[in-house]
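Here is the structure we will look at.
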Amino acid sequence: MLSQVHERLFGTFVISLLLLEPLPWDRHFRRGGFDAQCIKEHRMSNSSIRGARVAKNHMYICRQTVYIRQAFRAFGTFGSRYSSQGKEFNRVFRLEREMTKEEKETEAGIMAWLSQWNRCKREEQLKDFEDRIMETVEVAGTKENSMKFNEINEWHFHNAAATDITTPTLLIHGYAASSMAYYRSFSKLTQKIRDLYAIDLPSFGVSAEVPLVLNPDKLLPLKLKHLDEDKFKIPYVIDSLKTKLAIQQVEDYYVDSIERWRKENKIDKFNLVGHSFGGYISFKYAIKYPDSVLNLCLLSPLGVESNVHSVNNDLQNDTVYNFHYEDFSSKFYNKRREIPSFIFNNQSDVLRWMGPVGARLCWGYVNSAYKAIPTMEYKQYVFELLYGKGGIPKTARTTFTKLFTRNLLARDPIMDSLRQLRAKKVLLVYGDHDWMNKYAGALMVKRLNEMRNNTSAEYIEVPDAGHNLFLQNPNYFSSSLTKFLAKE
Numbered sequence: 001m002l003s004q005v006h007e008r009l010f011g012t013f014v015i016s017l018l019l020l021e022p023l024p025w026d027r028h029f030r031r032g033g034f035d036a037q038c039i040k041e042h043r044m045s046n047s048s049i050r051g052a053r054v055a056k057n058h059m060y061i062c063r064q065t066v067y068i069r070q071a072f073r074a075f076g077t078f079g080s081r082y083s084s085q086g087k088e089f090n091r092v093f094r095l096e097r098e099m100t101k102e103e104k105e106t107e108a109g110i111m112a113w114l115s116q117w118n119r120c121k122r123e124e125q126l127k128d129f130e131d132r133i134m135e136t137v138e139v140a141g142t143k144e145n146s147m148k149f150n151e152i153n154e155w156h157f158h159n160a161a162a163t164d165i166t167t168p169t170l171l172i173h174g175y176a177a178s179s180m181a182y183y184r185s186f187s188k189l190t191q192k193i194r195d196l197y198a199i200d201l202p203s204f205g206v207s208a209e210v211p212l213v214l215n216p217d218k219l220l221p222l223k224l225k226h227l228d229e230d231k232f233k234i235p236y237v238i239d240s241l242k243t244k245l246a247i248q249q250v251e252d253y254y255v256d257s258i259e260r261w262r263k264e265n266k267i268d269k270f271n272l273v274g275h276s277f278g279g280y281i282s283f284k285y286a287i288k289y290p291d292s293v294l295n296l297c298l299l300s301p302l303g304v305e306s307n308v309h310s311v312n313n314d315l316q317n318d319t320v321y322n323f324h325y326e327d328f329s330s331k332f333y334n335k336r337r338e339i340p341s342f343i344f345n346n347q348s349d350v351l352r353w354m355g356p357v358g359a360r361l362c363w364g365y366v367n368s369a370y371k372a373i374p375t376m377e378y379k380q381y382v383f384e385l386l387y388g389k390g391g392i393p394k395t396a397r398t399t400f401t402k403l404f405t406r407n408l409l410a411r412d413p414i415m416d417s418l419r420q421l422r423a424k425k426v427l428l429v430y431g432d433h434d435w436m437n438k439y440a441g442a443l444m445v446k447r448l449n450e451m452r453n454n455t456s457a458e459y460i461e462v463p464d465a466g467h468n469l470f471l472q473n474p475n476y477f478s479s480s481l482t483k484f485l486a487k488e
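Using the UniProt record's numbering, you'd call the opening residue of the sequence shown number 1 and step up by one each time.
Listed below in structure tokens is the structure:
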């Protein structure tokens, strides 16, 4: 165990590390550990045995924290390139901005919350924030909250006077989110839609973390061996059929829960609206249960473009292939940038490992990313989702990393299954400054209309909005969606 002095030293080091500030004792550090002078100083401070143990502890600490610092630097670079919100990342993490009085008061509340979070269940905290958010939402008709088959958290809005859209409509949220993502659109949507539903997918929001049962057979993953920046080959051929079935098994964790929800509510056909990760899942539901979906609306969906990581590619291990970095219609499409594996695999755990400092950083990010959102309760709710007890649930993280690569490309892309889609109408919606690949969405619409399989597709962009378009411009989004769904 480290002494109190060493613990304080380590604490100061971690804080400096997270704030990405220069360290006053940088002379002691080398890549991989303390230098000999540092070890000598520690050995002189006590007996040679105890000093060596302390030095060994510091060498381990140094190695781990160097990795963490590199990961946070990479995360900042990734965020600034992949998201309009990410440009604020480094500034937020350096905490250079002076907080407003409201933010300081809220941060004090967050710190007080940290002192007792172990005594509360995550679901209780989330439910409390959810109820407070929904108290501010006025809808046309009634709103009812229930837990379907003790697993799926559901909000049902019923407006008997609505005649424009009589087909039940379901809203599916994105990754690390919940049904509350749509809270700013509920008021407008319920004026036109007779029965509107919004649910939390399993392991998200207030819904239960249902166990994910996977095939015990271990399959070799698809690996790309880079020969240079533009060329690659694969070291071995994977079993594509078994790998695709394994991916489908993960997708069905969500897809089948939606189907169970439909049967529980005794709904025949419904309109399905999905955002980002939820858009990917919504598409997969529509091709597995084509008779249940009337119209499909994908909001800035993840996983559209064909790509070199697709399980559907027929690649041979004795052939050299070229990456296509610009042509997102190619099966050899790839992205140069990828999320560091440290961040991708651990996600919200990275911040949680940092304790109160991580909480402050998380709160700073939430305040920056959702600065245009007027409801403080929603910001607190998002903080709870990202940092609360357990952070992003392990099951959710596992499914995400099995379905997508570190450069956010799907292992079984939407574009590879377009011919299986039978929805009557399809709508692709993006923000005008969306970080998602909206050109792939436009190409998807073009291909659907060319297939002439009784499916018509449309593409629109929401002005003054990014990836979370329904939060940033809820009125335009709501009007566009209801106009699309009301068409014959």
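Cβ coordinates follow ideal geometry from the N, Cα and C atoms, glycine included. Computed from a predicted model, the values in this text were never measured in an experiment.
- Cβ neighbours of Q420 within its own chain (closer than 6 Å, five residues either side excluded): I287.
- For L170, the number of other beta carbons within 10 angstroms of its own is at least 16, and it is reported as buried.
- In the same chain as Y370, and ignoring 5 residues on each side of it, the C-beta atoms closer than 6 Å to its own belong to K379, in chain order.
- Per DSSP, the unbroken alpha helix (DSSP H) holding D349 starts and ends at D349 to R352.
- Membership of D256 in the alpha helix (DSSP H) is indicated by the continuous run S240 to E264.
- The beta carbon of I152 sits closer than 6 Å to the beta carbons of I199, S207 and W261 from its chain, once the five residues preceding and following it are set aside; these are given in chain order.
- Within a 10 Å sphere around the beta-carbon of H226 sit fewer than 16 other beta-carbons, which makes this residue exposed.
- S329 sits in coil when the DSSP states are folded into three classes, being neither helix nor strand.
- A contact is defined here as three or more CB-CB pairs under 8 Å, and the stretch 137-146 fails this definition with respect to the stretch 243-250.
- Within the same chain, and ignoring the five residues on either side of C297 in sequence, the residues whose Cβ sits closer than 6 Å to its Cβ are V273 and L427.
- Y254 has its alpha-carbon roughly 31 Å from the corresponding atom of G355.
- Residue burial annotation: E305 is buried, with at least 16 other C-beta atoms found within 10 angstroms of its C-beta.
- Check the Cα spacing between P168 and each of Y183, Y321 and N159: the tightest is with N159.
- Counting the other Cβ atoms within 10 Å of the Cβ of R411 gives 16 or more, which makes it buried.
- Take F232, set aside five residues on each side of it, and the residues of its chain with a beta-carbon closer than 7 Å to its own are L224, K225, H226, Y321 and F323, in chain order.
- Taking D349 as the centre and dropping the five residues before and after it, the same chain places the C-beta of G391 closer than 7 Å to its C-beta, in chain order.
- Taking a cut-off of 8 Å for Cβ pairs, the stretch 402-416 and the stretch 335-350 touch, as three or more such pairs fall below it.
- Rounded to the nearest angstrom, the Cβ distance from S478 to S300 is 16 Å, too far for a contact under 8 Å.
- Residues A140 of the same chain have their beta carbon placed closer than 6 Å to that of Q191, with the five preceding and five following residues left out of the count.
- In the DSSP assignment, K446 falls within the alpha helix (DSSP H) that extends over K438 to M451.
- Nearest to D252 by C-alpha distance, out of Y280, K394, D268 and P235, is Y280.
- Taking a contact as a CB-CB distance under 8 Å, the pair L214 and S257 does not count as one, their CB atoms being some 16 Å apart.
- Selection P216, N475, E264 and F383 evaluated against E154 yields E264 as nearest (Cα-Cα).
- In the three-state reduction of the DSSP assignment, S276 falls in the coil class, being assigned neither a helical nor a strand state.
- Spatial neighbours of V293 in its own chain (CB-CB distance under 6 Å, excluding positions within 5 residues in sequence) are listed in chain order as L272, A286 and A423.
- The continuous beta strand (DSSP E) containing A198 extends over residues D195 to I199.
- A457 and A161 have their alpha carbons spaced roughly 29 Å apart.
- K425 carries a strand assignment under DSSP once its states are collapsed to helix, strand and coil.
- In the DSSP assignment, L403 falls within the alpha helix (DSSP H) that extends over K394 to L403.
- When beta bridges are read from the DSSP output, M134 appears opposite no residue.
- Beta-bridge pairing by DSSP links T142 to H158.
- In the DSSP assignment, T163 falls outside any alpha helix (DSSP H) and carries neither an H nor an E.
- Under the DSSP assignment, V311 falls outside any beta strand (DSSP E); it carries neither an H nor an E label.
- Straight-line spacing of the CA atoms in S240 and L222 works out to 9 Å.
- Contact between D416 and E461 does not hold, since the beta-carbon distance rounds to 25 Å and is not under 8 Å.
- Between M436 and the set A465, L481, V308 and K483, the nearest pair of CA atoms involves A465.
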